[in-house]
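Q: Numbering (the working numbering), first residue to last: 165 to 426. Quick one: this structure, given as structure tokens, is what I'll be asking you about.
What follows is the structure, given as structure tokens:
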């Protein structure tokens with residue numbers, strides 16, 4: 165259930181927007197209201213909102229000041245501004261802050277609903293991108309983009325490794341597979357990938373673990389086995405060192421918004 169927070173110091177407008185959105189939502193979304201920017205910030209300090217609809221002119225903290233303060237939140241909502249004044253400067257600044265829509269009073273009900281639907285789609289896209297950023301290791305992504313430039317031996321090493329992430333694989337195992345001297349292969353691998361074999365292996369295993377945490381209901385023990393770790397305790401230690409959170413915390417962060425787990 166997504167949450168929409170309506171902020172306006174005028175009770176008539178605030179309640180009018182609330183009633184329109186409650187009728188449109190039919191219980192699919194949680195609709196909250198605040199009578200001032202101060203009240204809105206207090207509410208946001210303890211709650212998350214997916215969409216903020218705010219008047220631009222309010223005492224103490226105006227709409228644009230409120231939007232600027234949203235950057236301090238861990239998960240800032242997308243924003244729709246409503247105003248009784250068609251000032252160009254306000255609209256221009258609102259767009260600079262990434263505001264989705266600028267609606268003028270009196271508010272057209274159809275335009276309000278259309279703006280809300282657009283804003284919630286934008287919020288979903290932002291969340292999807294954030295989730296993908298959590299899922300993908302940037303160093304591995306850079307390495308994958310350069311993979312075509314690798315020599316045939318390093319390409320074969322990466323392929324061989326990816327097929328055996330659930331097994332105990334050493335640098336010597338791959339060097340023997342390639343009929344190469346282990347020391348020479350180690351230098352060659354780092355030159356072409358920018359990572360030591362050990363770092364690449366660890367990042368690739370953790371990447372696989374992230375995919376399994378986000379997309380399956382496998383236990384931490386099962387995932388540690390599928391990513392080549394002999395004990396779950398060591399797997400958790402390595403994962404935390406690389407990601408800054410435990411596997412369980414990571415799973416919660418990428419699934420808490422309700423993505424389906426197969």
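Even for Gly, the Cβ is constructed at its ideal location relative to N, Cα and C.
If you draw a straight line from the C-alpha of residue 202 to the C-alpha of residue 264, how long is it?
A: 22 angstroms
Q: Let me make sure I understand the geometry here. Which of 167, 407, 296 has the alpha-carbon closest to that of residue 283?
A: 167
Q: Just to confirm the assignment, what range does the beta strand (DSSP E) spanning residue 243 have?
A: That run of the beta strand (DSSP E) goes 242-247.
Q: When the Cβ atoms of the stretch 366-381 are set against those of the stretch 315-331, are three or more pairs found closer than 8 angstroms?
A: yes
Q: According to DSSP, is residue 171 part of a helix, a strand, or is it coil?
A: strand
Q: Taking residue 194 as part of the beta strand (DSSP E), name the residues at either end of that continuous run.
A: 193-198
Q: Taking only three categories from DSSP, how would you classify residue 348?
A: helix
Q: Are the stretch 334-347 and the stretch 391-401 in contact at 8 angstroms, needing three or more beta carbon pairs?
A: no
Q: Among 194, 193, 218, which has the Cα closest to the Cα of residue 205?
A: 218
Q: Please go through the same chain and pick out, in chain order, the residues whose beta-carbon is closer than 6 angstroms to the beta-carbon of residue 171, but skip the five residues on each side of it.
A: 198, 204, 218
Q: Can you give me the Cβ contacts of residue 279 inside the same chain, cut-off strictly under 8 angstroms, excluding the 5 residues immediately before and after it?
A: 244, 264, 265, 267
Q: Do residue 408 and residue 384 count as a contact pair if the criterion is CB distance below 8 angstroms?
A: no
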